[in-house]
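A.B. asks: Please read through the structure below; I'll follow up with questions.
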Amino acid sequence: SETGRSNVHAGLPPDFKFGVASSSYQVEGATKEGGRGLSNWDAFCQQYPEKIADGSNGDPGAGSYWLYKDDVKHLVELGVDVYRFSISWSRILPNGRGKPNKEGIQYYSNLIQELLDHGIQPFVTLFHWDVPQKLEDEYGGFLGRQIVDDFRHFVDICFSEFGDKVKHWITMNEPLTFTASGYALGIYPPGHCTPNLTYEGQNYECPVGDSLTEPYIVGHNILLAHAEAVQLYKDTYKAKQGGKVGITLVTNWFEPYDSSPLNVEAQQRALESNLGWFLDPLKFGDYPFSMRSLARDRLPKFTAEESEKLKGSYDFIGLNYYTARYARNIGFDINYEPKIYQDDARFDSLVDKNGIPIGYAQENSWVNVYPNGLKELLLYVKNRYDNPEIYITENGVMQLNNNTNNNTNNNPPATNSTEISNKIAEAKELNDIYRAQYLASHIQELVEAIRSGSKVRGYFVWSLLDSFEWNFGYTSKFGFYYINSNKNSTNKEKPAADLTRIPKHSANWFKWFIAVANSPVVTLTNDQPPAST
Ligand code: PNW
Numbered sequence: 002s003e004t005g006r007s008n009v010h011a012g013l014p015p016d017f018k019f020g021v022a023s024s025s026y027q028v029e030g031a032t033k034e035g036g037r038g039l040s041n042w043d044a045f046c047q048q049y050p051e052k053i054a055d056g057s058n059g060d061p062g063a064g065s066y067w068l069y070k071d072d073v074k075h076l077v078e079l080g081v082d083v084y085r086f087s088i089s090w091s092r093i094l095p096n097g098r099g100k101p102n103k104e105g106i107q108y109y110s111n112l113i114q115e116l117l118d119h120g121i122q123p124f125v126t127l128f129h130w131d132v133p134q135k136l137e138d139e140y141g142g143f144l145g146r147q148i149v150d151d152f153r154h155f156v157d158i159c160f161s162e163f164g165d166k167v168k169h170w171i172t173m174n175e176p177l178t179f180t181a182s183g184y185a186l187g188i189y190p191p192g193h194c195t196p197n198l199t200y201e202g203q204n205y206e207c208p209v210g211d212s213l214t215e216p217y218i219v220g221h222n223i224l225l226a227h228a229e230a231v232q233l234y235k236d237t238y239k240a241k242q243g244g245k246v247g248i249t250l251v252t253n254w255f256e257p258y259d260s261s262p263l264n265v266e267a268q269q270r271a272l273e274s275n276l277g278w279f280l281d282p283l284k285f286g287d288y289p290f291s292m293r294s295l296a297r298d299r300l301p302k303f304t305a306e307e308s309e310k311l312k313g314s315y316d317f318i319g320l321n322y323y324t325a326r327y328a329r330n331i332g333f334d335i336n337y338e339p340k341i342y343q344d345d346a347r348f349d350s351l352v353d354k355n356g357i358p359i360g361y362a363q364e365n366s367w368v369n370v371y372p373n374g375l376k377e378l379l380l381y382v383k384n385r386y387d388n389p390e391i392y393i394t395e396n397g398v399m400q401l402n403n404n405t406n407n408n409t410n411n412n413p414p415a416t417n418s419t420e421i422s423n424k425i426a427e428a429k430e431l432n433d434i435y436r437a438q439y440l441a442s443h444i445q446e447l448v449e450a451i452r453s454g455s456k457v458r459g460y461f462v463w464s465l466l467d468s469f470e471w472n473f474g475y476t477s478k479f480g481f482y483y484i485n486s487n488k489n490s491t492n493k494e495k496p497a498a499d500l501t502r503i504p505k506h507s508a509n510w511f512k513w514f515i516a517v518a519n520s521p522v523v524t525l526t527n528d529q530p531p532a533s534t
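Mind the numbering: the sequence shown is residues 2 to 534 in the numbering used here, read in order.
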């Protein structure tokens with residue numbers, strides 16, 4: 002007999018949610034349309050094209066500003082329960098503050114309605130790294146404390162406009178990546194790092210910055226802005242809207258380089274300085290002891306009131322997991338001078354041990370496949386943070402494409418041979434067995450973490466579509482759906498045909514997986530007749 006819809010075939014709880022994720026700047030395109038204001042990423046891509054692998058920018062992204070109905074069609078095709086996307090602050094408030102832009106509000110209302118009409122629940126990220134450039138120019142964006150008030154104003158508009166339909170909010174995406182990349186390495190906007198910085202054998206060029214202090218200031222302001230947003234939701238919206246608010250954090254999993262006590266301690270400092278930096282304040286009201294003692298007065302302090310506001314300021318925690326590293330202790334040296342904030346934690350983050358990588362990776366990829374790290378991370382969070390409700394808000398792997406089919410820069414017309422090699426490249430990208438294996442092995446570890454008591458409520462794959470992959474431009478592709486060329490196309494209401502979404506093998510695999518996981522439970526009993534042939 003049927004006992005209804007269930008995820009038990011995958012070993013998951015019945016109400017477990019499967020989804021995919023995206024972000025505004027990466028997929029929307031239409032950066033100059035619909036009254037949208039300039040963002041930090043628009044400005045950065047224009048000012049430092051050499052910092053983007055293919056010199057590209059968020060136009061056209063995946064054209065989702067125009068093609069959102071098509072996106073929803075593909076979400077339906079996959080059979081997902083939930084879709085995670087982000088709201089562009091610059092679309093809602095072109096100057097970062099003041100009166101909302103009606104067209105921006107309309108776009109997200111349309112998207113949310115389209116999702117609900119198709120039975121898909123929206124998970125909305127309020128900040129996925131795109132800051133209105135006006136606020137950058139005025140006071141340095143997240144370097145300035147004013148960002149807290151401006152962020153509150155922005156999220157207030159989002160809660161009041163969309164909160165009757167959105168029941169899951171994520172305040173911030175990956176403060177760690179935003180902070181380290183923008184203010185320690187300068188590879189994301191605003192492109193700050195200590196001038197002439199060398200780190201892990203690489204040189205970083207920035208006109209201004211201080212890789213030892215700015216990241217801590219920015220991280221601090223992100224936490225305060227998050228706490229303010231959650232407070233506002235609790236005070237003003239929660240009772241009538243009944244939604245939940247969380248934050249999305251990322252960390253690599255770290256294995257100790259070996260079982261020596263110093264390297265086990267290095268592993269703990271690695272996790273504390275990557276995850277604990279943000280999660281400790283949210284749970285305990287302060288930074289980890291290891292960070293306070295090592296960064297000393299470079300780490301800002303919370304007032305008693307701020308600390309209280311931070312404590313417990315989440316209904317769930319979003320975790321993004323991609324990969325793992327070894328953590329190896331850096332011994333004490335009285336003459337040691339840190340050059341970048343990462344040096345404070347006194348460990349080396351290593352891919353290899355005795356010449357063998359921690360997990361397989363494609364050439365030039367930062368994702369070494371280490372599925373067990375997901376389970377380990379979930380159990381670490383369960384134990385250290387009193388078993389919060391969790392969503393895996395991103396997990397996935399890229400396909401690196403150094404092929405010719407994405408060239409813009411006025412290449413000569415394609416000859417037959419480039420046409421053929423482009424066809425071969427396309428076929429390879431569509432046949433992404435590698436991605437399906439990556440996802441299947443990670444979901445298996447997630448199931449085991451749940452069996453061990455972790456309260457994981459859902460799992461989102463990064464990403465729905467091939468899109469603008471930040472400093473990698475369009476050369477690094479995470480999508481379930483292939484887009485022939487995100488470049489070359491113009492940003493018109495009728496987008497160029499090359500933004501057509503083509504399902505990869507992994508899309509079909511995920512669709513199959515969800516269908517099987519959700520198929521009804523059938524109990525066979527003795528008196529049931531044998532199946533007829
Ligand atoms: C995340 N790393 O970023 C972001 O949330 C997405 O916007 C992005 O597209 C996705 O992961 C894939 O990169 C990360 O180097 C960027 O460890 C870099 C790292 C981790 C996450």
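Backbone N, C-alpha and C fix where the C-beta goes; we use that ideal spot for every residue, glycine too.
Treat the numbers as computed from the prediction; the structure is a model and nothing was measured.
Does the beta-carbon of VAL251, which I'm using as the reference point, lie nearer than 6 Å to any heavy atom of the ligand PNW?
C.D. replies: At least one heavy atom of the ligand PNW is nearer than 6 Å to the Cβ of VAL251, so yes.
A.B. asks: From which residue to which residue does the alpha helix (DSSP H) around ARG270 run?
C.D. replies: Taken as a continuous stretch (DSSP letters only), the alpha helix (DSSP H) holding ARG270 covers 262-272.
A.B. asks: Got a sec? Which residues, its chain only, sit under 7 Å from THR211 by beta carbon, not counting five neighbours each side?
C.D. replies: The amino acid at residue 211 is misidentified as Thr; the sequence shows Asp. Counting only Cβ-Cβ distances below 7 Å, and skipping sequence neighbours, we find THR195.
A.B. asks: Which residue from TYR435, GLN343, GLY202 puts its Cα closest to that of LYS478?
C.D. replies: Of the candidates TYR435, GLN343, GLY202, the one whose C-alpha sits nearest the C-alpha of LYS478 is TYR435.
A.B. asks: Out of ASN396, TYR258, GLN232, point me to the one whose CA is closest to ILE357's CA.
C.D. replies: Measuring from the Cα of ILE357, the nearest candidate turns out to be TYR258.
A.B. asks: So what does DSSP say about PRO208, is it helix, strand or coil?
C.D. replies: Looking at PRO208 - three-state DSSP - the assignment turns out to be coil, as it is neither helix nor strand.
A.B. asks: Do TRP471 and GLY397 count as a contact pair if the criterion is CB distance below 7 Å?
C.D. replies: No, they are not a contact pair.
A.B. asks: Quick one: which unbroken alpha helix (DSSP H) runs of 4-plus residues sit fully inside the stretch 408-476? Chain order, please.
C.D. replies: You should have 417-431, 434-452.
A.B. asks: Out of curiosity, what's the CA-to-CA distance linking PRO216 and ASP349?
C.D. replies: C-alpha separation (whole angstroms): 19 Å.
A.B. asks: Going by the beta-carbon positions, is the gap between GLY62 and PHE461 smaller than 7 Å?
C.D. replies: No, these two residues do not count as a Cβ contact at 7 Å.
A.B. asks: Determine, using beta carbons only, whether LEU351 and ARG329 come nearer to each other than 7 Å.
C.D. replies: Closer than 7 Å, so yes.
A.B. asks: Is GLU175 a contact residue of the ligand PNW, with contact defined as CB to any heavy atom under 6 Å?
C.D. replies: Yes, the Cβ of GLU175 comes within 6 Å of a heavy atom of the ligand PNW.
A.B. asks: Say the cut is 6 Å; is the CB of TRP367 nearer than that to a heavy atom of the ligand HEM?
C.D. replies: Of the ligands one can find in the structure shown, namely the ligand PNW, none is the ligand HEM.
A.B. asks: Who are the near neighbours of LYS310 in its chain, counting only those whose CB is closer than 7 Å to its CB and skipping five residues on each side?
C.D. replies: Cβ within range, chain order: ALA228, GLN232.
A.B. asks: Determine, using beta carbons only, whether PRO289 and ASP298 come nearer to each other than 7 Å.
C.D. replies: No. Outside cutoff.
A.B. asks: Whether or not the stretch 446-457 and the stretch 24-40 are in contact is what I'm after, with contact meaning three or more pairs of Cβ atoms, one per stretch, closer than 8 Å; do they touch?
C.D. replies: Touching, no, given that fewer than three Cβ pairs across the two stretches are closer than 8 Å.
A.B. asks: If I measure Cβ to Cβ from GLY12 and keep anything under 6 Å in the same chain, skipping five residues before and after, which residues do I get?
C.D. replies: Taken in chain order, the residues that qualify are VAL448.
A.B. asks: What are the complete beta strand (DSSP E) segments, minimum 3 residues, inside the stretch 142-197?
C.D. replies: Counting only runs of 3 or more, we get 169-174.
A.B. asks: Just to confirm my understanding: we take TYR66, look at its own chain, exclude 5 residues before and 5 after, and list those with CB closer than 8 Å. What are they?
C.D. replies: For TYR66, where only same-chain residues beyond five positions count, the Cβ hits under 8 Å are GLU29, GLY30, ALA31, GLU34, GLY35, TYR108.
A.B. asks: Give me the residue from LEU224, GLU162, LYS103 with the minimum Cα distance to GLU307.
C.D. replies: It is LEU224 whose Cα lies nearest to the Cα of GLU307.
A.B. asks: Relative to the alpha-carbon of GLN269, which residue among TRP254, LEU186, PHE279 has its alpha-carbon at the smallest distance?
C.D. replies: For the residues TRP254, LEU186, PHE279, the minimum Cα distance to GLN269 belongs to TRP254.
A.B. asks: Tell me whether THR178 counts as near the ligand PNW, meaning its Cβ is closer than 6 Å to at least one heavy atom of that ligand.
C.D. replies: Yes, since a heavy atom of the ligand PNW falls inside the 6 Å radius drawn around the Cβ of THR178.
A.B. asks: Would you call the CB atoms of GLN134 and LEU39 closer than 7 Å?
C.D. replies: Contact: yes.
A.B. asks: For ILE506, tell me which candidate among SER520, GLY474, GLN400, THR419 has the shortest Cα-Cα distance.
C.D. replies: The sequence given here places His at residue 506; Ile does not occur at that position. The shortest C-alpha separation from HIS506 is found at GLN400.
A.B. asks: Here's the rule: buried if 16 or more other CB atoms are within 10 angstroms of the residue's CB, otherwise exposed. What is SER274?
C.D. replies: SER274 is buried by the Cβ-count criterion.
A.B. asks: Which residue or residues does DSSP assign as beta-bridge partners of ASP353?
C.D. replies: Beta-bridge pairing links ASP353 to PRO358.
A.B. asks: Cβ of TRP1 versus every heavy atom of the ligand PNW: is any distance shorter than 6 Å?
C.D. replies: Nothing can be reported for residue 1: it is not among the residues displayed for the chain, which extend from 2 to 534.
A.B. asks: Leaving out five residues on either side along the sequence, give the residues of the same chain with a beta carbon under 8 Å from the beta carbon of PRO301.
C.D. replies: Closer than 8 Å at Cβ, skipping near neighbours: TYR217, ILE218, HIS221.
A.B. asks: For SER40, does the three-state DSSP call read helix, strand or coil?
C.D. replies: If DSSP states are grouped into helix, strand and coil, SER40 belongs with the strands.
A.B. asks: What did DSSP end up calling ARG92 once you bin it into helix, strand or coil?
C.D. replies: Helix.
A.B. asks: Who does VAL246 pair with in a DSSP beta bridge?
C.D. replies: DSSP lists TRP170 as partners of VAL246.
A.B. asks: Using the beta-carbon count (16 or more within 10 Å), is HIS129 buried or exposed?
C.D. replies: Buried.
A.B. asks: HIS154 to ILE113, Cα distance in whole Å?
C.D. replies: Straight-line Cα distance between these residues: approximately 21 Å.
A.B. asks: Bridge partners of LEU320, per DSSP?
C.D. replies: Its beta-bridge partners are LEU250, ILE393.
A.B. asks: Label TYR429 either buried or exposed according to how many other C-beta atoms from any shown protein chain fall within 10 Å of its C-beta, with 16 as the threshold for buried.
C.D. replies: The question names Tyr, yet the displayed sequence has Lys at residue 429. Exposed, since its Cβ has fewer than 16 Cβ neighbours within 10 Å.
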